[in-house]
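Asker:
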Amino acid sequence: MFDPNVKTTILIAVFLYSFAILAHSFYFFKSVKTSDDYNVAGRSIPTFPMILSIVGTATGGASLLGFMGDAYNGGLGMLWMIFPVYLVGALWILFFLKPIRNLGTKYRMVTLPDYIALRYGEKSRLPALLCILVAYASITGLQFIAIATFLNLMFGLNMTAGIIIGCVFLTLKTYIGGLKAVIWADSIQGTIQTLGIIILFVTVFLSSGGWSTVKENALAMNQPQLVDIFGISTVSVFVFMFTLGAYQFVRQDNWQRVWAAKTDKVATNSNWLAWIVGLTTSILIILTGVFALLGLNIKTDQPSLIFYQVLNETMPLPMIVIMVIALVATIVSCADSFFMAGASSIANDIIKPYFNITDDRKMLAYSRLSVIILSVIALVMALSIPQLVPLWVAGTAMLTSGLLVPVIAGMLFKRVSETAGTVSIWTGLLTAVSWQLAGQPFGIHQVFPGLLISIIAIVIVTLFTKPQNIERIEDMTYSNNLGSSDELYEQTTLKEETIL
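Mapping the sequence shown onto the numbering used here, position 174 (from 1) lands on 222, and the numbers just tick up by one.
#1: Taking all protein chains shown into account, do 16 or more other C-beta atoms lie within 10 angstroms of the C-beta of residue 345, making it buried, or fewer, making it exposed?
#2: For residue 175, which residues of its own chain have a beta-carbon under 8 Å away from its beta-carbon, when the five flanking residues on both sides are left out?
#3: Pairs of beta-carbons, one from the segment 143-159 and one from the segment 383-402, closer than 8 Å: are there three or more?
#4: On the CB-based measure, 16 or more other CB atoms within 10 Å of its CB, does residue 208 come out buried or exposed?
#5: Under 7 Å Cβ to Cβ from residue 453, same chain only, skipping five residues before and after it: list those, please.
#6: Give a yes or no on whether the C-beta atoms belonging to residue 294 and residue 448 are separated by under 8 Å.
#7: Are residue 124 and residue 277 close, meaning C-beta to C-beta below 8 Å?
#8: Who are the Cβ neighbours of residue 265 in its own chain at under 6 Å, not counting the five residues just before and after it?
#9: Closest by CA to residue 381, which one among 149, 192 and 534?
#10: Do you know how far the Cα of residue 386 is from the Cα of residue 188?
#11: Could you name the residues of the same chain whose beta carbon sits closer than 8 Å to that of residue 373, not counting the 5 residues immediately before and after it, in chain order?
#12: Along the chain, where does the alpha helix (DSSP H) that runs through residue 170 open and close?
#13: For residue 239, report the span of its alpha helix (DSSP H) as first-last.
#14: Leaving aside the five residues before and after residue 547 along the sequence, list all residues of the same chain whose C-beta is less than 8 Å from its C-beta, in chain order.
#15: Going by beta carbon distance, what residues of the same chain come within less than 8 Å of residue 197, once the five residues before and after it are set aside?
#16: Roughly how far, in whole angstroms, is the beta-carbon of residue 288 from the beta-carbon of residue 128, given that I think they are within contact range, below 8 Å?
#17: Could you round the C-beta distance between residue 530 and residue 147 to whole angstroms and report it? I think they count as a contact, below 8 Å.
#18: Over the uninterrupted alpha helix (DSSP H) stretch that includes residue 60, give me the two end residues.
#19: Using a 10 Å radius around the Cβ and a threshold of 16 neighbouring Cβ atoms, would you call residue 494 buried or exposed?
#20: Going along the chain, which residues of its own chain have a beta-carbon closer than 7 Å to the beta-carbon of residue 252, five neighbours each way excluded?
#21: Within 10 angstroms of the Cβ of residue 463, are there 16 or more other Cβ atoms? Answer buried if so, exposed if not.
#22: Rounded to the nearest angstrom, how far is the Cβ of residue 185 from that of residue 422, given a contact under 8 Å?
#23: Can you tell me which of 490, 398 and 248 puts its alpha carbon nearest to the alpha carbon of residue 371?
#24: Quick check on DSSP: helix, strand or coil for residue 280?
#25: Mark residue 457 as exposed unless 16 or more other C-beta atoms lie within 10 angstroms of its C-beta, in which case mark it buried.
#26: Hey, residue 333 and residue 116: beta-carbon distance below 8 Å or not?
#27: What are the partner residues of residue 309, as DSSP defines its beta bridges?
#28: Are residue 165 and residue 173 close, meaning C-beta to C-beta below 8 Å?
#29: On the CB-based measure, 16 or more other CB atoms within 10 Å of its CB, does residue 366 come out buried or exposed?
#30: I need the straight-line Cα distance from residue 416 to residue 199, nearest angstrom please.
#31: List the endpoints of the continuous alpha helix (DSSP H) containing residue 461.
#32: With a cut-off of 8 Å on the beta carbons, I'd call residue 236 and residue 214 a contact; round off their distance for me.
#33: What three-state label does DSSP hand residue 81 in the structure shown?
#34: If you check the beta carbons only, do residue 145 and residue 316 fall under 8 Å apart?
Written out as structure tokens, the structure is:
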């Protein structure tokens, strides 16, 4: 792929970059004094780092390499892999960000199961936790594999050794500084990632001769569908909307960033600006894949590696090094965010309630311990499960099928009982798992039957049961959580400081 001299230069650059990232985490070690600092960045993050942290988490190494490879194969229609995601993301920001922010501030929430347990009772925490852990443990394992794959392709390192190196590096980085260090590191990595994607597209665009050349080559190949934005089936669009799109509503890392924002304005503005930047860079990734085939005429039987081949054919050594660092930044900025999301649930949804931890210093120690626990789980999964991607897909389907309906219904409808919400979670996630194990009968993605059964369950059980904690449910409804949370946060903080 690259000659030995180029690989040596890249190795040195990656080592120095990794060292800098670890040093950055050590810098934040002493400033992390509470479990809130560790898990939700002290609820004090300003706009700029928040924007880039959201972008960095949304676009991981799998997205960069995978979307580009899919576009190389499928053409311009692959834009519909991302349009549904950002459409649903816009709806989430527009209608649900404010109540999520208010509820998190009011009840000092740390995880999505916190919301579920408060709305539907502690019995609902367990199924919500299962959804979170399967999804985030598997995706953390995938990040170990992503780093190992990079090391294998670039330097020929054994995959097992690469997975262990990825695990140790990401665990150490995350353990040291928590979400505060993660978000501030993302402000650097997100900048590198965003600029790298833009530079790559501009280089490919100029080298290929522009859109007219791409269109002519598609017609010459007798494959006009490659430059047709609607060159994708309607069924595929709906699958993306209800899998990757609906997943945005119940992504714990999204909720935690809303709670980590310094003010309501920061939470809203950073999410909208990240939405714009993320959509733009995602479109550029797709276009780069299309231009690689139809503009640069690169031929490969491994589309997932098209990123590396584009670099090799269009850029000088200094730019190749920068672009590889951009790829590493993309992997790491995504990995540590998912790592923290999963680890915080181990600390907050298992250790804290089941061991009745009330001392915050102990909770901080357990939060760090949870990072190690998750890393061990993810490492075992990465080393022992051959098909980790299907497991992650199943995990996200469990997350969406089990939590989407109860989360939205719990905010919008006071009549939904605690029992109805809990039953809806269990039936949704079990249906998704069963459908996956059955091999997706009739070719139907497991999220569709999962959501359907979840809806049916919550409606039927609501008709035959009544909510118990009326006062709390009333306080948690959508309409009662549309105001500003800033004043409430100041009052809560002042009260805590007075107690201390």
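Here a beta-carbon is modelled for each residue, glycine too, at the ideal position from N, C-alpha and C.
Answerer: Reading off the structure:
#1: When all chains shown are included, residue 345 counts as exposed.
#2: Leaving aside the five residues that flank residue 175 on each side, the residues in its chain whose CB is nearer than 8 Å to its CB run, in chain order, 450, 470, 473, 474 and 477.
#3: Yes: the two stretches touch, three or more of their Cβ pairs being nearer than 8 Å.
#4: Around the CB of residue 208, fewer than 16 other CB atoms lie within 10 Å, so the residue is classed as exposed.
#5: Once the five neighbours on either side are set aside, the close Cβ partners of residue 453 are 472, 476, 499, 502, 503 and 506.
#6: The beta carbons of residue 294 and residue 448 sit closer together than 8 Å.
#7: Residue 124 places its beta carbon less than 8 Å from that of residue 277.
#8: Counting only Cβ-Cβ distances below 6 Å, and skipping sequence neighbours, we find 342.
#9: Among 149, 192 and 534, the Cα nearest to that of residue 381 belongs to 192.
#10: C-alpha separation (whole angstroms): 6 Å.
#11: Only 61, 62, 65, 240 and 244 meet the Cβ criterion.
#12: From DSSP, residue 170 is part of no alpha helix (DSSP H); its letter is neither H nor E.
#13: If you look at residue 239, you'll find it in the alpha helix (DSSP H) that goes 207-256.
#14: Because residue 547 sits at a pLDDT of 47, beneath the cut-off of 50, its placement in the model cannot be relied upon, and the following sentence gives the value as read from the coordinates. If you ignore the 5 residues before and after residue 547, its C-beta comes within less than 8 Å of no other C-beta in its own chain.
#15: Excluding sequence positions up to five before and after residue 197, its CB lies within less than 8 Å of the CB of 207 and 210, all in the same chain and listed in chain order.
#16: Between residue 288 and residue 128, the beta carbon gap of about 6 Å places them in contact (Cβ cut-off 8 Å).
#17: About 6 Å separates the two Cβ atoms, so the contact holds.
#18: That run of the alpha helix (DSSP H) goes 52-77.
#19: With 16 or more other Cβ atoms inside 10 Å of its own Cβ, residue 494 counts as buried.
#20: Excluding residues up to 5 positions away in sequence, 336, 339, 340, 343, 344, 358 and 362 lie with their Cβ nearer than 7 Å to the Cβ of residue 252 in the same chain.
#21: Counting Cβ neighbours within 10 Å, residue 463 comes out exposed, since fewer than 16 surround it.
#22: Confirmed, about 6 Å.
#23: With distances taken between Cα atoms, residue 371 lies closest to 248.
#24: Looking at residue 280 - three-state DSSP - the assignment turns out to be coil, as it is neither helix nor strand.
#25: With 16 or more Cβ atoms within 10 Å of its Cβ, residue 457 is classed as buried.
#26: If you check the CB distance, residue 333 and residue 116 come in under 8 Å.
#27: The partner list for residue 309 (beta bridge, DSSP) reads 93.
#28: For residue 165 and residue 173, yes; Cβs fall inside 8 Å.
#29: Answer is exposed; the Cβ neighbour count stays below 16.
#30: Between residue 416 and residue 199, the C-alpha separation is close to 27 Å.
#31: Per DSSP, residue 461 is not a residue of any alpha helix (DSSP H), being assigned neither H nor E.
#32: Actually they do not touch by this definition, with Cβ atoms about 20 Å apart.
#33: DSSP places residue 81 in the coil class of the three-state scheme, outside both helix and strand.
#34: The Cβ atoms of residue 145 and residue 316 sit closer than 8 Å to each other.
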